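Take the position in the sequence shown, starting the count at 1, then add 19; the result is the number in this note's numbering.
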Amino acid sequence: MVFMDEHGSTIHATVRRSLVGTFGNRIKEGSVYVFAYFGIGNSTGYYRTSRHEFRLNFQPRTTITECSCENIPVYGLKLVPFPEISKADANYPYLIDTMGTLTSVGNEKEIVKESKRTKMIAITIEAEGNSGVGMQRQPLKWTCDDAISSRETEFLDTSRSMAISQLKACLECMGPLWQSTIAEIGGI
Numbered sequence: 020m021v022f023m024d025e026h027g028s029t030i031h032a033t034v035r036r037s038l039v040g041t042f043g044n045r046i047k048e049g050s051v052y053v054f055a056y057f058g059i060g061n062s063t064g065y066y067r068t069s070r071h072e073f074r075l076n077f078q079p080r081t082t083i084t085e086c087s088c089e090n091i092p093v094y095g096l097k098l099v100p101f102p103e104i105s106k107a108d109a110n111y112p113y114l115i116d117t118m119g120t121l122t123s124v125g126n127e128k129e130i131v132k133e134s135k136r137t138k139m140i141a142i143t144i145e146a147e148g149n150s151g152v153g154m155q156r157q158p159l160k161w162t163c164d165d166a167i168s169s170r171e172t173e174f175l176d177t178s179r180s181m182a183i184s185q186l187k188a189c190l191e192c193m194g195p196l197w198q199s200t201i202a203e204i205g206g207i
């Protein structure tokens, strides 16, 4: 989870698997809460949801009190332009928020990485740019499509990628605008 304060600052929060039953139904997206009796840890590793140096860890005695506060924004997206996403290398530790138009969806493929079977779908997202910047559309393409499948194994072996396993099930409910979280882009 990602929590946000009235200044738009965010922090990652973690609920251990054994506590999901305790807290899972008590927190609703868009609501405001006061939390007490939680742990604090360093925010490290890849696919970090926030640039905050710490993260909150729910404990068995963590308390949750719903309250109201009009000063906290409902959405906390920090959109990143496509050219900046392309600059991120394999060691970039943060998730990236971007918006674009979903222009194509490839077929589902089953891949094996580190002895684990995963389903993956290649998608293409185009950014609607500002003509004053000199860029009207810039495709952002995952490397696992038929045209470049020879690089698929190399890409998966060298990148810390996350599969898009639930995209196919959501195709019917998607509109033309796609909001995505991209963990990393390699070999564009």
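By construction, the Cβ of each residue, glycine as well, lies at the ideal position given by its N, Cα and C atoms.
From a predicted model like this one, the values you see are computed outputs, not experimental measurements.
Cut-off 8 Å between Cβ atoms - residues of its own chain near residue i, not counting five sequence neighbours on either side
i: residue 43; result: 34
i: residue 67; result: 31, 112, 113, 114
i: residue 51; result: 85, 86, 87, 88, 91
i: residue 39; result: none
i: residue 136; result: 129, 130
i: residue 71; result: 28, 29, 30, 31, 62
Spatial neighbours of residue i in its chain, beta-carbon cut-off 7 Å, leaving aside the 5 residues before and after
i: residue 56; result: 78, 80, 81, 82
i: residue 93; result: 49
i: residue 90; result: 25
i: residue 53; result: 84, 86
i: residue 45; result: 83
i: residue 36; result: none
Residues that DSSP places opposite residue i in a beta bridge
i: residue 82; result: 55
i: residue 124; result: 142
i: residue 104; result: According to DSSP, which records beta bridges pairwise, residue 104 is partnered with nothing at all.
i: residue 132; result: 135
i: residue 67; result: 113
i: residue 95; result: Partner(s): none; residue 95 has no beta bridge.
Residue environment, residue i, which counts as buried when at least 16 other CB atoms sit within 10 Å
i: residue 31; result: buried
i: residue 74; result: buried
i: residue 119; result: buried
i: residue 69; result: buried
i: residue 62; result: buried
Segment limits, beta strand (DSSP E) that includes residue i
i: residue 99; result: Looking at the DSSP string, residue 99 is not in any beta strand (DSSP E), and its letter there is neither H nor E.
i: residue 29; result: 29–33
i: residue 73; result: 73–76
Boundaries (first-last residue) of the alpha helix (DSSP H) holding residue i
i: residue 21; result: Counting along the chain, residue 21 falls outside any alpha helix (DSSP H), though it belongs to the beta strand (DSSP E) covering 21–23.
i: residue 42; result: 39–42
Close beta carbons around residue i, own chain, < 6 Å, minus the five adjacent residues each side
i: residue 59; result: 73
i: residue 29; result: 21, 23, 69, 95
8 Å Cβ cutoff, residue i in contact with chain B
i: residue 66; result: Here there is only one protein chain, and chain B is not present.
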